[in-house]
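Shown next, in structure tokens, is the structure this report addresses.
Residue numbers (the numbering used here), protein chains in the order written: chain A, 1 to 129; chain B, 1 to 374.
Here it is as structure tokens:
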């Protein structure tokens, strides 16, 4: 079974969002998503400074056979991307919630508002069921 | 859409918790058993076992069988000896490709054809429309299973559970009535991975037993069951064409670079068009490309040269062996020379690429294979 980490917020497109400090949200893909993609060999991430709206495609994740998009579950400004994925995209397979994170976004609007449309761990578990 | 078809081995796939099946031309087939990268490496370094029972098998028999096949395929069937198989293609009169196939000569009046799964019905109709004299075609596709045991240790695994003669088979030779794991099988030294290996054609009912026994026999050597994902990346690195990508009714064997399997010195359907194409010069050619910028070319991505669209990628991936973004691409001839710089459009961005030599991967110590079938 794939891991669903407690305390994170989830999108229906299989991204997770973690609040880190007042306005910064870290984003990655779920364990379920990485297992579906298989061996990830290439990750393309946005430039820091990029403005994104919730649901925007901000990058792509490629496995040997498939190309899929990374959607930002929250809106705001990209402040950081995980540079280590450039040379080690397999981190996404190994530790999707930790060293395999993708981007950090500084929220453009109200934090509570930003997370309203996302699922809890419990909600995401039901979404997968 | 009708229900997906399944091979006789489908019930065994569930032995593998990480198995993932996909719809492949109407067949429900495993894209992976444990992971494409892992299975790919197993075949390159040790061995992999593939279920390719979806492939089609036709028996063509009759006194005129050789004449019919000589007329319907591009290669010279008259050079085949009994116990020898040959790669060839079938073409339309305009030179476009009907399918590529292996022709096994069982006897002077009996040939086994192995064709692509997605083309079984089309091929059957095409061949039946061109039968002559006493020649009959029997479609064995539903009663046969086909396994492929591929990789550097394939021969040593197989020699433990099969006739000793098998390990001595030369490339493109076969035994029609060998015994594998106690079951009768046609075994050929052929494959679609760029490695040494064997293809084992069995009665459908024997497939599950032989599959299990082979996996057991090869376990200590690191033999893994391998899915269609690895099959595709393996054949891609070896630059072996896949119908629907490098070949189609709109792509001739010459454009796909398969000249050595096209014998223009004999009559066959499509010959005149191919001869004209050769005489007038090819307008486009299949080449290998390597991305210089970071990215992965994929089938269907457009390729640009001199600011103009000059072709497209037919297959591309991140090569599991070479760890680079590589592609096969059908390009205008002016851009097909080695080291020519081109651009591949990926998600709206044009990335730099260069024409490189194929195959991308050539197995070490393949001297024995280099000995051409006579």
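Ideal Cβ positions, reconstructed from N, Cα and C, are used throughout, including at glycine.
{"Check": "Could you tell me the boundaries of the beta strand (DSSP E) in which residue 176 of chain B lies?", "Outcome": "174-180"}
{"Check": "Just tell me which of A:115, A:128, A:45 and A:118 has its CA closest to the CA of residue 87 of chain A.", "Outcome": "A:45"}
{"Check": "For the region 63-72 of chain B and the region 240-254 of chain B, state whether three or more C-beta atom pairs, one from each stretch, are separated by less than 8 Å.", "Outcome": "no"}
{"Check": "Does the beta carbon of residue 14 of chain A come closer than 9 Å to any beta carbon on chain B?", "Outcome": "no"}
{"Check": "Thinking residue 70 of chain A and residue 58 of chain A are a contact (beta carbons under 8 Å), I'd like their distance in whole angstroms, please.", "Outcome": "6 Å"}
{"Check": "In the DSSP assignment, find the unbroken beta strand (DSSP E) run with residue 202 of chain B in it and report its ends.", "Outcome": "197-203"}
{"Check": "Report, in whole angstroms, the separation of the C-beta atoms of residue 139 of chain B and residue 24 of chain B, which I expect to be a contact under 8 Å.", "Outcome": "Not a contact, Cβ separation roughly 20 Å."}
{"Check": "Buried or exposed: residue 80 of chain B, going by 16 or more other Cβ atoms within 10 Å of its Cβ?", "Outcome": "buried"}
{"Check": "Taking the alpha-carbon positions, what's the residue 371 of chain B to residue 171 of chain B distance?", "Outcome": "Bear in mind that the predicted position of residue 371 of chain B carries a pLDDT of just 41, short of 50, making it unreliable; the figure below should be weighed with that in mind. Rounded to the nearest angstrom, the two C-alpha atoms are 9 Å apart."}
{"Check": "Within the 9 Å Cβ cut-off, does residue 3 of chain A reach chain B?", "Outcome": "no"}
{"Check": "Give me the Cβ distance between residue 32 of chain B and residue 227 of chain B, rounded to the nearest whole Å; I'm assuming they're in contact under 8 Å.", "Outcome": "4 Å"}
{"Check": "Quick one: Cα of residue 105 of chain B to Cα of residue 82 of chain B, how far?", "Outcome": "5 Å"}
{"Check": "If you drop the 5 nearest sequence neighbours on each side, which residues of the same chain put their C-beta closer than 8 Å to that of residue 125 of chain A?", "Outcome": "4"}
{"Check": "Enumerate in chain order the residues of its own chain whose CB-to-CB distance from residue 354 of chain B is below 8 Å, with the five nearest sequence positions on each side excluded.", "Outcome": "289, 290, 292, 339, 340, 341 and 342"}
{"Check": "Would residue 333 of chain B pass as an interface residue toward chain A - the criterion being a Cβ-Cβ separation below 9 Å?", "Outcome": "no"}
{"Check": "Distance check for residue 40 of chain B and residue 43 of chain A, CA to CA, integer angstroms please.", "Outcome": "21 Å"}
{"Check": "Three-state secondary structure (DSSP) at residue 371 of chain B?", "Outcome": "Residue confidence for residue 371 of chain B is low, a pLDDT of 41 falling below 50, so the modelled location carries little weight; the figure read from the coordinates is stated next. DSSP places residue 371 of chain B in coil when its eight states are reduced to three."}
{"Check": "Within 8 Å, do at least three Cβ pairs link the region 148-168 of chain B to the region 195-210 of chain B?", "Outcome": "yes"}
{"Check": "When we look at the beta-carbon of residue 9 of chain A and count the other beta-carbons within 10 Å, is it buried (16 or more) or exposed?", "Outcome": "buried"}
{"Check": "With residue 310 of chain B as the anchor, note down where its beta strand (DSSP E) starts and where it stops.", "Outcome": "308-318"}
{"Check": "Leaving aside the five residues before and after residue 352 of chain B along the sequence, list all residues of the same chain whose C-beta is less than 7 Å from its C-beta, in chain order.", "Outcome": "292, 293, 341 and 343"}
{"Check": "Just list the residues that DSSP pairs residue 71 of chain A with in beta bridges.", "Outcome": "A:57"}
{"Check": "In whole angstroms, give me the CA-to-CA distance for residue 80 of chain A and residue 110 of chain A.", "Outcome": "20 Å"}
{"Check": "Thinking C-beta only, is residue 134 of chain B closer than 9 Å to residue 62 of chain B?", "Outcome": "yes"}
{"Check": "Going by beta-carbon coordinates alone, are residue 74 of chain B and residue 285 of chain B separated by less than 9 Å?", "Outcome": "no"}
{"Check": "Looking at the C-beta of residue 31 of chain B, does it have a partner C-beta in chain A at a distance below 9 Å?", "Outcome": "yes"}
{"Check": "Is the Cβ of residue 288 of chain B closer than 9 Å to any Cβ of chain A?", "Outcome": "no"}
{"Check": "Nearest to residue 204 of chain B by alpha carbon, out of B:237, B:54 and B:92?", "Outcome": "B:54"}
{"Check": "What separation, rounded to the nearest whole angstrom, lies between the Cα atoms of residue 28 of chain B and residue 21 of chain A?", "Outcome": "47 Å"}
{"Check": "So, does the region 207-214 of chain B touch the region 172-187 of chain B, judging by three or more C-beta pairs under 8 Å?", "Outcome": "yes"}
{"Check": "Could you tell me which chain A residues have their CB closer than 7 Å to the CB of residue 347 of chain B, listed as they occur along the chain?", "Outcome": "60"}
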